[in-house]
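Q:
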Amino acid sequence: MRILITGAAGFVGRHLIRELAEHGHQPVALDMRFPFPAESAWRQVTADIMDPSAISRILAEHQVEAVAHLAAISFVPDGNADPAHLYAINIQGTLNLLETVRRHRAGCRLLFVSTAHVYGNPETTGPLNETAPLCPVTPYAISKACADHIAQSYAREYRLPILVARPNNHTGPGQDTRFSIPAFAHQVRTAAGAIPHPPLRVGNLDSTRDFCDVRDVVGAYRLLIEQGQPGQAYNIASGRPIAMRDILGHFCTLAGIPPAFETDPARFRPTDRSPLLDTRRIREQTGWAPRIPLEQTLQDVWNSP
Numbered sequence: 000m001r002i003l004i005t006g007a008a009g010f011v012g013r014h015l016i017r018e019l020a021e022h023g024h025q026p027v028a029l030d031m032r033f034p035f036p037a038e039s040a041w042r043q044v045t046a047d048i049m050d051p052s053a054i055s056r057i058l059a060e061h062q063v064e065a066v067a068h069l070a071a072i073s074f075v076p077d078g079n080a081d082p083a084h085l086y087a088i089n090i091q092g093t094l095n096l097l098e099t100v101r102r103h104r105a106g107c108r109l110l111f112v113s114t115a116h117v118y119g120n121p122e123t124t125g126p127l128n129e130t131a132p133l134c135p136v137t138p139y140a141i142s143k144a145c146a147d148h149i150a151q152s153y154a155r156e157y158r159l160p161i162l163v164a165r166p167n168n169h170t171g172p173g174q175d176t177r178f179s180i181p182a183f184a185h186q187v188r189t190a191a192g193a194i195p196h197p198p199l200r201v202g203n204l205d206s207t208r209d210f211c212d213v214r215d216v217v218g219a220y221r222l223l224i225e226q227g228q229p230g231q232a233y234n235i236a237s238g239r240p241i242a243m244r245d246i247l248g249h250f251c252t253l254a255g256i257p258p259a260f261e262t263d264p265a266r267f268r269p270t271d272r273s274p275l276l277d278t279r280r281i282r283e284q285t286g287w288a289p290r291i292p293l294e295q296t297l298q299d300v301w302n303s304p
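Once you know that position 183 of the sequence shown is 182 in numbering that gives the first Met the number 0, the rest is easy, because the numbers rise by one and skip nothing.
Structure, rendered in structure tokens:
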């Protein structure tokens, strides 16, 4: 399939390009700018999802058969600092794409990438399935929940082949050091090079999160594009929550330094945790399952430049 990837220059987009190309698809990578050149296995187009006419032209020119919509502001502090811009990109940008597909490419399959954080901080301790209510808390999660509802409404009202992915946290080689796991790796590496080793400045290390390897996540996206049922949402998670303290300790072990921590109030989030997700739907319908253990993911992050 010729598959348009919005936000293709981002962390997940780069991995999805590779995943699709390796499985015989023809990726069309779309972003506002690219820090890397195109390769023979995929095409590169420059456009802004806030420009519907440009999106319409690209859909037609490349005879796009499916879309993976990744483009979004995903770094939570950026959204908190400028919520108006966050809502414009994450909500209006998604609406622009959905409406353009509806008007000009109605048979095109579209995967909207939402987030597990649309579920908020539920009271239940059991795994949440896709019918759980969306109760977002942060501006980022609110923006994604709005777009999630809009995408599902387009699937219902216009009978468009739209699917929604709700991934939990994911990481891997190439992720920006503003995000927690690569930030930990960078801080530990820096501390290891100093004598004496300075304490690591950290937030809430008692919080637990569920992390998937990004390479497993893009594998799930590919399977949903190929096999997912239109109109449905799909949880994506490892099902193995881990304390942030253990992740940081793992990097300290790799660096050969003692785990000495110092709480930084600017990084502390008392309710920072991932919801526990039920992933039976994607497993049963596509056969997907995470393959890469977290220990391997952390090693790959540690080894990445």
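Cβ coordinates follow ideal geometry from the N, Cα and C atoms, glycine included.
For R282, report the span of its beta strand (DSSP E) as first-last.
A: Numbered from 1 along the sequence shown, position 283 holds the residue referred to as residue 282. No beta strand (DSSP E) contains R282, which is instead part of the alpha helix (DSSP H) from R279 to T285.
Q: Would you call the region 160-167 in contact with the region 102-121, where contact means no fewer than 3 C-beta pairs closer than 8 angstroms?
A: Touching, yes, given that three or more Cβ pairs across the two stretches are closer than 8 angstroms.
Q: Determine which residues share a DSSP beta bridge with C211 and list them.
A: In the sequence shown, counting from the first residue as 1, residue 211 sits at position 212. BP columns for C211 point to H169.
Q: Which of the three DSSP states is assigned to E261 in this structure?
A: Here the question's residue 261 lines up with position 262 in the sequence shown. Three-state result, E261: strand.
Q: Touch check for the region 40-60 and the region 19-31: three-plus C-beta pairs under 8 angstroms?
A: Short answer: they touch.
Q: Any chance the region 177-192 sits against the region 278-294, with 3 or more Cβ pairs inside 8 angstroms?
A: Segments in contact, no.
Q: Enumerate in chain order the residues of its own chain whose CB-to-CB distance from N79 is below 7 angstroms, with the five nearest sequence positions on each side excluded.
A: One-based indexing of the sequence shown puts residue 79 at position 80. Within the same chain, N79 has close Cβ partners P138.
Q: Is it right to say G255 is buried, meaning 16 or more other beta carbons lie within 10 angstroms of its own, or is it exposed?
A: By one-based count along the sequence shown, residue 255 stands at place 256. Looking at its Cβ environment, which holds fewer than 16 other Cβ atoms inside 10 Å, G255 is exposed.
Q: Can you tell which of E64, P82 and P36 has its C-alpha closest to the C-alpha of E225?
A: Translated into positions along the sequence shown, residue 225 becomes position 226. Comparing Cα positions, the closest option is E64.
Q: How far does the alpha helix (DSSP H) with F250 in it reach, from first residue to last?
A: For this step, residue 250 is matched to residue 251 along the sequence shown. Its alpha helix (DSSP H) spans residues M243 to A254.
Q: In three-state terms, what does DSSP make of P181?
A: Translated into positions along the sequence shown, residue 181 becomes position 182. In this structure, P181 counts as helix in the three-state DSSP scheme.
Q: Check whether the region 67-81 touches the region 120-136, taking contact to mean three or more Cβ pairs, one atom from each stretch, closer than 8 angstroms.
A: As far as the Cβ criterion goes, the region 67-81 does not touch the region 120-136, which means the pair count is below three.
Q: Which residue marks the beginning of the beta strand (DSSP E) containing H61, and which one marks its end?
A: Taking the sequence shown and counting its residues from 1, one reaches residue 61 at position 62. Counting along the chain, H61 falls outside any beta strand (DSSP E), and DSSP gives it neither H nor E.
Q: Excluding five sequence neighbours on each side, which residues of the same chain lie with their C-beta closer than 6 angstroms to the C-beta of A131?
A: Translated into the one-based positions of the sequence shown, residue 131 becomes position 132. If we look at A131 and ignore the five residues flanking it on each side, its Cβ neighbours are Y118.
Q: Given that a residue counts as buried once 16 or more other Cβ atoms are within 10 Å of its Cβ, and exposed if not, what is E18?
A: Stepping through the sequence shown from its first residue, residue 18 is reached at position 19. By the neighbour-count rule (16 or more Cβ atoms within 10 Å), E18 is buried.
Q: Could you check if S39 is buried or exposed, using at least 16 other CB atoms within 10 Å of its CB as the buried criterion?
A: Within the sequence shown, numbered from 1, the residue matching residue 39 stands at position 40. The residue is exposed, with fewer than 16 neighbouring Cβ atoms inside 10 Å.
Q: Considering just the uninterrupted stretch of the alpha helix (DSSP H) at A154, what are its terminal residues?
A: Your numbering for residue 154 matches position 155 in the sequence shown. A154 -> alpha helix (DSSP H) spans P138 to Y157.
Q: Starting from the C-beta of A184, find all residues in its chain whose C-beta is less than 7 angstroms away, skip the five residues before and the five after it, and write them out in chain order.
A: On the sequence shown, residue 184 is found 185 positions in, with the first residue counted as 1. Taken in chain order, the residues that qualify are F250, V300 and W301.
Q: Within this structure, are the beta carbons of R208 and S113 separated by less than 8 angstroms?
A: As a first step, residue 208 is located in the sequence shown; it is residue number 209 there, counting from the start. As a first step, residue 113 is located in the sequence shown; it is residue number 114 there, counting from the start. Taking 8 angstroms as the Cβ cut-off, R208 and S113 do not qualify as a contacting pair.
Q: Determine the DSSP secondary structure at P76, reduced to helix, strand or coil.
A: Stepping through the sequence shown from its first residue, residue 76 is reached at position 77. Note: P76 maps to helix in three-state DSSP.
Q: Classify L69 as helix, strand or coil using the three-state DSSP reduction.
A: Taking the first residue of the sequence shown as 1, we reach residue 69 at position 70. Three-state DSSP puts L69 in coil, outside helix and strand.
Q: What do you get for I57, buried or exposed, if any count of 16 or more other CB atoms within 10 angstroms of its CB means buried?
A: One-based indexing of the sequence shown puts residue 57 at position 58. It counts as buried.
Q: Where DSSP assigns a beta bridge to Y233, which residues make up the other side?
A: Counting from one through the sequence shown, the residue named residue 233 turns up at place 234. Looking at the DSSP assignment, Y233 forms a beta bridge with A164.
Q: Pick helix, strand or coil for Q174, following the three-state DSSP scheme.
A: Looking up residue 174 in the sequence shown gives position 175. Here Q174 sits in coil by DSSP.
Q: Contact check, L96 vs I54 under 8 angstroms by CB: the rounded distance?
A: Translated into positions along the sequence shown, residue 96 becomes position 97. Translated into positions along the sequence shown, residue 54 becomes position 55. L96 to I54, Cβ: 6 angstroms. Contact.
Q: What's the C-alpha gap between L127 and T5?
A: Taking the sequence shown and counting its residues from 1, one reaches residue 127 at position 128. Taking the sequence shown and counting its residues from 1, one reaches residue 5 at position 6. In a straight line, the C-alpha of L127 is about 28 angstroms away from that of T5.
Q: How about A193 and L199: are their beta carbons less than 8 angstroms apart?
A: Position 194 of the sequence shown, counting from 1, holds the residue named residue 193. Position 200 of the sequence shown, counting from 1, holds the residue named residue 199. Their beta carbons are not under 8 angstroms apart, which means A193 does not touch L199 by this criterion.
Q: So the beta strand (DSSP E) L110 belongs to, where does it begin and stop?
A: Against the sequence shown, residue 110 aligns to sequence position 111. That run of the beta strand (DSSP E) goes R108 to V112.
Q: DSSP on Q186, reduced to helix/strand/coil?
A: Here residue 186 corresponds to residue number 187 of the sequence shown, with the count starting at 1. Of the three classes helix, strand and coil, the one that applies to Q186 here is helix, per DSSP.
Q: Check whether the region 7-15 and the region 167-176 touch, using three or more Cβ-Cβ pairs below 8 angstroms as the test.
A: They touch, by the three-pair rule.
Q: Looking only at its chain, what residues have a beta carbon closer than 7 angstroms to the beta carbon of L222, apart from the 5 residues adjacent to it on each side?
A: In the sequence shown, residue 222 corresponds to position 223, counting from 1. Around L222: T285 and W287.
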